[in-house]
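First the structure, in the form of structure tokens, and then the observations on it.
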Amino acid sequence: MRIGLVEANIEHGWAFRAHVPAIEFLRTVLGTDISISAVSTSRTESAHAAAAATGAEPFTSASALARFEAVDLVVVTVKVQAHSELVSAAQAAGKHVLCEWPLGLDAAEAHSMSVRATSQHRGFVGLQSRFDPSAIALREMIAAGELGDIQAVNARSSRAKGAETISAQSAYTLDRTSAAGTREVHTGHVLDLLDQVLGGIAVTGGTSRIHRRDYRVAGQALPVAATAPDTVRVQFDAGGALGSALIWDGDDNAQTVIDIQGSRGRASLFTLPVPTPIMRQVQMAPLAATFHPNGQPEPLTLPSSMPTIHLPGNPAATNIASQYLAIIDDLADGGSRTATFADAHRIHGYIEHISEEPGI
């Protein structure tokens with residue numbers, strides 16, 4: 230599979246932080262038939278720098294990259310506001326697309342991209358926490374009935390963002406119109422993980438609120454005002470179970486913990502500590518799972534069929550690598566291991582059940 234990376238800036242961004250290491254691991258360590266054949270940025274200098282680092286063809290136009298015959302899958306890793314335009318260009322070029330989450334600015338925009346995806350030109354979205362081995366083990370355990378009837382689910386998920394200062398590159402996410410804040414990005418990843426592990430959820434309501442109004446930005450004298458919520462509460466049903474999720478920013482000891490109570494015991498899924506605060510997000514950090522049949526935690530056995538994927542020092546790339554393997558399989562057999570544009574539209578719909586309050 231030949232990859233075209235849109236916005237492959239070697240100095241910053243998600244492409245070189247996670248996608249490039251994941252692809253190189255698959256190619257060089259696992260021997261997967263995958264490569265980066267094209268890269269694009271908006272500037273000639275950075276496009277050529279990315280090309281030199283990957284051995285790919287450089288482009289300064291994402292549309293030209295999408296038309297390049299040596300690209301099978303266009304990967305969109307830009308800000309959310311540009312997703313629709315770039316995804317549409319790739320779809321018009323007849324290419325498969327992987328777009329980072331959130332797919333669009335809202336459910337309506339996500340739907341417009343979803344309806345253009347076909348079995349010949351697939352649309353995938355980067356909701357990758359579902360590929361963590363512990364999440365898969367817990368999902369299989371629940372599906373097999375080993376936890377019994379699920380009664381209650383309680384999820385708590387925090388990020389370190391804004392605990393002290395925020396980087397200049399992340400400051401734009403404080404703007405509600407960016408659609409890249411806690412309500413969209415963080416909440417979407419948590420809800421998709423819950424949806425996958427529990428075998429489906431239905432969001433029944435929720436509230437989001439701005440708790441912190443101003444942020445110090447690294448390298449800037451004046452604070453930046455926030456218009457995007459930093460705290461979210463979601464209520465949902467999971468079969469016959471009642472569930473809740475509390476999601477917030479500004480935690481210098483960020484972690485995600487999901488407790489699931491069944492008639493045969495309790496199970497927990499939680500992020501493991503990693504040194505870099507930004508990597509403690511649920512879609513980046515490694516997960517572990519335990520089962521408490523008699524009040525004492527027992528680690529869940531991980532699926533033996535899964536390939537061993539571990540990128541030392543870069544946990545964010547691990548789930549991305551698994552996601553690429555799933556995409557390869559989905560394209561080969563028409564499967565749905567990877568989150569699709571239709572899945573993204575559904576998660577966007579969940580988020581639109583969450584009201585916004587003015588805060589304190």
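Each residue of the sequence shown is one higher than the one before, counting from 230 in this note's numbering. Note that CB positions come from ideal geometry on N, CA and C, so glycine has one too.
Margin query: Can you give me the C-alpha to C-alpha distance between V486 and F297, rounded to a whole angstrom?
Written below: 43 Å
Check: When the Cα of Q398 is compared with those of D478, A447, P504, A247, which residue comes out closest?
Finding: A447
Note to self: Which residue wins for smallest C-alpha separation from V307, given the options S264, L451, G355?
What the structure shows: G355
Item checked: Supposed close pair M508, P452 - CB separation, criterion 8 Å -> Rounded, the Cβ-Cβ distance is 26 Å, inconsistent with contact.
Checklist line | Where E586 falls: helix, strand or coil (DSSP) | finding: strand
Next item on the list: Grab me the residues of I580's own chain with a C-beta within less than 7 Å of its C-beta, minus the 5 sequence neighbours each way, in chain order.
Entry: R412, E413, T416, G417
Check: Span of the alpha helix (DSSP H) holding T283?
Finding: 273–283
Item checked: Assigned exposure category for L427 - 16 Cβ within 10 Å defines buried -> buried
Margin query: Beta-carbon within less than 7 Å of T436's beta-carbon, same chain only, minus the 5 sequence neighbours each way: which residues are those?
Written below: R462, I583, S584, E586
Notebook entry, point to check: Would a C-beta distance cut-off of 8 Å place L367 and L498 closer than the cut-off?
Noted result: yes
Item checked: Same chain only: Cβ atoms within 7 Å of A237, ignoring 5 sequence neighbours per side -> A244, F245, V268, S269, T270, A279
Next item on the list: Measuring alpha carbon to alpha carbon, tell me which of R495, L332, T406, G542 ends up nearest M370.
Entry: R495
Margin query: Need the endpoints of the beta strand (DSSP E) that F465 sits in, please.
Written below: 460–467
Checklist line | Pairwise C-alpha distance: C328 and T339 | finding: Sequence check: residue 339 is Ala here, not Thr. Going by the C-alpha atoms only, they are around 11 Å apart.
Item checked: Limits of the alpha helix (DSSP H) - the one that D443 falls within -> Where D443 is concerned, there is no enclosing alpha helix (DSSP H), although the beta strand (DSSP E) it sits in stretches over 443–446.
Margin query: Quick check on the DSSP output: what are the complete alpha helix (DSSP H) runs of length 4 or more inside the stretch 287–369, in order along the chain?
Written below: 291–296, 312–321, 336–343
Item checked: Within 8 Å, strictly: CB atoms of A555 and T567 -> yes
Check: Run through DSSP, which three-state label would H248 get?
Finding: helix
Check: Would DSSP call L498 helix, strand or coil?
Finding: strand
Notebook entry, point to check: Which residue's Cα is closest to the Cα of E240: E253, R272, G374, T537?
Noted result: R272
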